[in-house]
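The next block holds one structure in the form of structure tokens; read it before the comments.
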Amino acid sequence: MPESPSPVTDKVSFPSLDELFQENQRLQQENDQLKQALYSQSKQTSSFAQHEEGSSPDSCLTVIVLGASGDLAKKKTFPALFALYKSQLLPKKVNIIGYARSHMSTDQFRQRVHHQKYSKEEQQAFIDRCIYFTGAYDSDEAFSELNALCNKLETGCSKANRLFYLAIPPTVFLASARGIRQHAMSQTGWNRVVVEKPFGSDFATAALMGSSLMRHFNEEHIYRIDHYLGKEMVQNLSVLRFANSIFEPIWNGRHIQLVTITFKESIGTAGRGGYFDQFGIIRDVMQNHLIQILSLVAMEQPASLNASDVSDEKVKVLRCIAPATKDQIVIGQYSASSDGSSPGYLDDKGVPDTSLTPTYALAVLFIKNSRWDGVPFILKCGKGLDSSKAEIRIQFRRPPGDLYGGISGTVSPSPNELVIRVQPDEAIYLKLMTKQPGLAGDEKLHQTELDLTYKKRFEHIKAGLPDAYERLILDVVRGDHSLFVRNDELLASWAIFTPILHRLEQEKVKPIIYAFGSRGPKEADMLAAKMGFQRNPEYSYRLA
6 MPESPSPVTD KVSFPSLDEL FQENQRLQQE NDQLKQALYS QSKQTSSFAQ
56 HEEGSSPDSC LTVIVLGASG DLAKKKTFPA LFALYKSQLL PKKVNIIGYA
106 RSHMSTDQFR QRVHHQKYSK EEQQAFIDRC IYFTGAYDSD EAFSELNALC
156 NKLETGCSKA NRLFYLAIPP TVFLASARGI RQHAMSQTGW NRVVVEKPFG
206 SDFATAALMG SSLMRHFNEE HIYRIDHYLG KEMVQNLSVL RFANSIFEPI
256 WNGRHIQLVT ITFKESIGTA GRGGYFDQFG IIRDVMQNHL IQILSLVAME
306 QPASLNASDV SDEKVKVLRC IAPATKDQIV IGQYSASSDG SSPGYLDDKG
356 VPDTSLTPTY ALAVLFIKNS RWDGVPFILK CGKGLDSSKA EIRIQFRRPP
406 GDLYGGISGT VSPSPNELVI RVQPDEAIYL KLMTKQPGLA GDEKLHQTEL
456 DLTYKKRFEH IKAGLPDAYE RLILDVVRGD HSLFVRNDEL LASWAIFTPI
506 LHRLEQEKVK PIIYAFGSRG PKEADMLAAK MGFQRNPEYS YRLA
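To get the numbering used here, take the position in the sequence shown, counting from 1, and add 5.
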């Protein structure tokens with residue numbers, strides 16, 4: 006049977022925030038010491054050799070996907086690897102090994118790897134490079150045999166690089182890491198380990214997982230994937246901010262009223278309720294995807310585009326965010342749709358009838374620094390809503406004086422908004438007030454936009470924008486950490502949400518019920534409005 010991820014379920018008591026930050030600092034010191042030790046070792050064994058752009062022609066790459074029989078590998082990892090291979094972005098000498106506990110032949114595995122979008126002939130060269138290996142994640146013997154298989158495939162390569170992709174449940178992360186470190190490392194090239202979320206269920210479990218993982222690997226060789234960082238428009242944030250001089254002078258609380266970061270899905274948990282119920286929407290989306298976007302919107306300009314410089318600035322701004330409080334959060338859970346065609350969350354198989362797990366959350370966060378003091382950052386995410394989209398809205402303050410308010414029945418101008426549409430239909434547009442054309446003799450205002458719609462502006466890119474996983478896996482091959490989550494980033498984000506998560510669970514707070522297919526709880530809109538968010542019900546963005 007295909008493997009499905011199973012989350013960490015052990016409950017860990019939560020210490021005070023001061024104790025947590027002290028623990029964070031201790032872990033960083035431990036990591037620095039480990040890094041130095043591994044660096045010294047690498048000079049002797051070359052086990053952690055750094056990536057060289059000018060690699061020798063007889064070098065090779067072996068990609069080992071642990072959890073190869075699972076849905077994540079089938080739907081995301083293997084299609085991304087094929088796309089990179091098809092675009093000739095992987096080394097010529099590349100092999101793909103699928104590793105999992107499930108018993109299947111290499112032929113059966115290749116059928117799973119086959120991408121329905123392309124013909125067998127188009128994929129044959131890639132499929133021929135795919136091999137399946139059955140093994141347990143805690144078996145020394147299995148990892149030794151895996152190493153022997155890699156060595157056989159790498160025969161004739163002077164530099165054998167290995168990429169280990171852990172598409173596995175967090176319960177077997179550490180056993181797999183130990184097996185890789187002790188038995189399956191390349192001795193002639195670099196070794197890199199990709200880890201998928203969830204990275205713990207709160208600060209304490211994340212800290213434990215991080216410190217345990219770093220006992221086997223250097224932080225520099227761990228790539229924690231948050232696939233939202235690989236999305237084109239999220240990558241565009243730093244370019245938009247720091248490569249356009251018009252934005253920097255107004256990118257602060259003196260000109261910006263508030264920021265909203267939204268993730269909406271029109272689908273429900275769709276049979277994954279048993280898995281989702283152990284996490285909820287805050288852990289599944291808000292603590293990772295949305296907080297990472299927030300850090301890119303709010304951080305200071307880094308010293309360079311080097312991964313460590315970017316992460317340093319992200320950590321600085323995350324540590325300025327006060328933990329979320331109960332009066333600044335709204336949680337909800339969807340019920341059946343009004344017409345009864347879509348079931349409610351509690352109707353999903355595997356979800357307990359008494360579940361209080363939120364499928365919707367809106368949280369208001371404040372950044373305590375000179376740039377953003379007093380500016381609400383509204384994060385909202387949910388399932389079973391009226392549409393599917395992810396976007397960032399930078400809402401600017403109204404112009405002083407209200408010159409046009411009330412003239413000839415015209416309402417006060419709506420605030421300018423810079424909108425970055427992450428998905429679908431990637432776009433950047435700036436909402437402006439303009440005079441409605443005509444000879445009526447009045448000054449009636451109309452809200453419109455300066456629009457950069459990617460499909461129109463970059464229509465020469467026939468294949469469309471690359472999938473986030475393609476970008477991220479390519480960056481791992483290149484040794485670029487810029488779009489990955491560093492351990493101290495992870496802990497800083499958990500410090501923001503762990504107190505409120507524990508409080509909601511300890512007090513058994515009931516989520517507000519909203520109908521499947523609706524906007525979500527009306528109380529969420531009320532809290533956003535209280536923070537100053539303004540919607541123009543007459544405005545509708547028209548896709549160019």
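Yeah, the Cβ is synthetic: ideal placement off N, Cα and C, and Gly gets one too.
No experiment lies behind these values; they were computed from the predicted model shown.
Checklist entry - Lys269 lies in the alpha helix (DSSP H); which residues open and close that run? => result On the sequence shown, residue 269 is found 264 positions in, with the first residue counted as 1. Counting along the chain, Lys269 falls outside any alpha helix (DSSP H), though it belongs to the beta strand (DSSP E) covering 261-269.
Next on the checklist: Using DSSP's beta-bridge definition, name the partner residues of Asp399.
Outcome noted: On the sequence shown, position 394 is the one that residue 399 refers to. Correcting the residue type first, residue 399 is Ile in the shown sequence and not Asp. Beta-bridge pairing links Ile399 to Val264, Leu423.
Checklist entry - Whose CA, out of Ser347, Gln400, Asp472, Leu295, lies closest to the CA of Ile501? => result In the sequence shown, the residue the question calls residue 501 occupies position 496. The candidate whose alpha carbon is nearest that of Ile501 is Leu295.
Checklist entry - Ala497 to Arg524, Cα distance in whole Å? => result Here the question's residue 497 lines up with position 492 in the sequence shown. Here the question's residue 524 lines up with position 519 in the sequence shown. Distance between the alpha carbons of Ala497 and Arg524 is about 30 Å.
Checklist entry - Buried or exposed: Asn311, going by 16 or more other Cβ atoms within 10 Å of its Cβ? => result Working through the sequence shown from its first residue, we reach residue 311 at position 306. Asn311 should be labelled exposed.
Item to check | Inter-residue CB distance, His188 and Thr139 (contact presumed, cutoff 8 Å) | outcome: One-based indexing of the sequence shown puts residue 188 at position 183. One-based indexing of the sequence shown puts residue 139 at position 134. Contact flag wrong, Cβ pair sits at about 16 Å.
Checklist entry - Looking only at C-alpha atoms, which of Arg288, His260, Ser392 sits nearest to Ile272? => result Sequence index remark: in the sequence shown, residue 272 carries index 267 (1-based). Minimum Cα distance to Ile272 is reached at Ser392.
Checklist entry - Is Phe502 helix, strand or coil when you go by DSSP? => result On the sequence shown, position 497 is the one that residue 502 refers to. Phe502: helix per DSSP, three-state reduction.
Item to check | Span separating the alpha-carbon of Leu171 from that of Leu151 | outcome: Stepping through the sequence shown from its first residue, residue 171 is reached at position 166. Stepping through the sequence shown from its first residue, residue 151 is reached at position 146. Their Cα atoms are separated by approximately 15 Å.
Next on the checklist: Tell me the DSSP secondary structure of Phe405 in three-state form.
Outcome noted: In the sequence shown, counting from the first residue as 1, residue 405 sits at position 400. Position check: residue 405 holds Pro in this sequence, whereas Phe was assumed. Correct three-state label for Pro405: coil.
Checklist entry - Between the Cα of Ala182 and the Cα atoms of Ser216, Ile298, Val322, which residue gives the shortest distance? => result To locate residue 182, count along the sequence shown from 1; it is residue 177. Out of Ser216, Ile298, Val322, Ser216 has the C-alpha closest to the C-alpha of Ala182.
Checklist entry - Which of helix, strand or coil does DSSP assign to Ala341? => result Indexing the sequence shown from 1 puts residue 341 at position 336. Coil, per DSSP.
Item to check | Per-residue DSSP class, three states only, for Tyr474 | outcome: Working through the sequence shown from its first residue, we reach residue 474 at position 469. Note: Tyr474 maps to helix in three-state DSSP.
Checklist entry - Which runs of the alpha helix (DSSP H) spanning at least 4 residues fall entirely within the region 141-197, listed in chain order? => result 145-158, 178-184
Next on the checklist: So, at 6 Å on beta carbons, what are the nonlocal neighbours of Arg491 in its own chain, with the 5 sequence-adjacent residues on each side left out?
Outcome noted: By one-based count along the sequence shown, residue 491 stands at place 486. Ser316, listed in sequence order.
Item to check | Element boundaries [beta strand (DSSP E), containing Leu370] | outcome: Taking the first residue of the sequence shown as 1, we reach residue 370 at position 365. Segment 365-371, the beta strand (DSSP E) holding Leu370.
Next on the checklist: Out of Leu479, Phe178, Pro404, Asp282, which one is the CA nearest neighbour of Thr359?
Outcome noted: Taking the first residue of the sequence shown as 1, we reach residue 359 at position 354. Closest option to Thr359, Cα to Cα, is Asp282.
Item to check | Those runs of the beta strand (DSSP E) which lie wholly inside the region 481-528 and span at least 3 residues | outcome: 517-520
Next on the checklist: Suppose the cutoff is 6 Å on Cβ atoms and the five residues either side in sequence are ignored; what does the same chain contact list for Asn257 look like?
Outcome noted: The residue you call residue 257 lines up with position 252 of the sequence shown. Taken in chain order, the residues that qualify are Arg376.
Item to check | Nearest-angstrom Cα separation, counted from Val320 out to Asp493 | outcome: On the sequence shown, position 488 is the one that residue 493 refers to. On the sequence shown, position 315 is the one that residue 320 refers to. When rounded, the distance between both Cα atoms is 7 Å.
Item to check | alpha helix (DSSP H) runs wholly inside the region 194-253, at least 4 long, in chain order | outcome: 208-218, 237-247
Next on the checklist: Is it buried or exposed, Gly75, if we count other Cβ atoms within 10 angstroms and call 16 or more buried?
Outcome noted: Taking the sequence shown and counting its residues from 1, one reaches residue 75 at position 70. Buried: at least 16 other Cβ atoms inside 10 Å.
Checklist entry - Looking at C-alpha atoms only, which residue of Gly279, Arg134, Ser243 is the closest neighbour of Leu488? => result Position 483 of the sequence shown holds residue 488. Taking only the C-alpha atoms, the option nearest Leu488 is Ser243.
Next on the checklist: With three or more beta-carbon pairs closer than 8 Å as the criterion, would you say the region 257-267 touches the region 508-522?
Outcome noted: no
Checklist entry - Is Ala303 near Ile251, with beta carbons less than 8 Å apart? => result Numbered from 1 along the sequence shown, position 298 holds the residue referred to as residue 303. Numbered from 1 along the sequence shown, position 246 holds the residue referred to as residue 251. It is not a contact, given that the beta carbons lie outside the stated cut-off.
Checklist entry - Are the region 468-486 and the region 220-240 touching by the rule of at least three beta carbon pairs closer than 8 Å? => result yes
Checklist entry - In chain order, what residues of the same chain have a beta carbon less than 7 Å from the beta carbon of Cys2, not counting five sequence neighbours either side? => result Missing from the structure shown is residue 2; the chain here goes from 6 to 549 and no further.
Item to check | Neighbourhood of Ile425 by C-beta distance below 6 Å, restricted to the same chain and skipping five residues each side | outcome: For the purposes of this step, residue 425 is taken as the residue at position 420 of the sequence shown. Met238, Ile397, Ile433.
Checklist entry - Are the C-beta of Leu71 and some C-beta of chain D separated by less than 8 Å? => result The structure shown contains no chain D, having only a single protein chain.
Checklist entry - Going by C-alpha distance, which of Cys162, Pro175, Ser149, Ser206 is nearest Leu506? => result Here the question's residue 506 lines up with position 501 in the sequence shown. Among Cys162, Pro175, Ser149, Ser206, the Cα nearest to that of Leu506 is on Ser206.
Checklist entry - Looking at C-beta atoms only, is the number of pairs between the region 83-103 and the region 63-75 that lie closer than 8 Å three or more? => result yes
Checklist entry - Leu495 to Ala212, Cα distance in whole Å? => result To locate residue 495, count along the sequence shown from 1; it is residue 490. To locate residue 212, count along the sequence shown from 1; it is residue 207. Leu495 and Ala212: Cα-Cα distance of roughly 9 Å.
Checklist entry - What's the C-alpha gap between Asn374 and Ile255? => result Mapped onto the sequence shown, residue 374 falls at position 369. Mapped onto the sequence shown, residue 255 falls at position 250. Cα-Cα distance, rounded: 16 Å.
Checklist entry - CA-CA distance, Ile132 and Ser144? => result The sequence position of residue 132 within the sequence shown is 127, counting from 1. The sequence position of residue 144 within the sequence shown is 139, counting from 1. Each residue's alpha carbon lies about 27 Å from the other.
Next on the checklist: For Val70, report the span of its beta strand (DSSP E) as first-last.
Outcome noted: Stepping through the sequence shown from its first residue, residue 70 is reached at position 65. Val70 -> beta strand (DSSP E) spans 64-71.
Checklist entry - For the beta strand (DSSP E) that contains Phe382, what are its first and last residues? => result On the sequence shown, residue 382 is found 377 positions in, with the first residue counted as 1. Note, Phe382: beta strand (DSSP E), 381-387.
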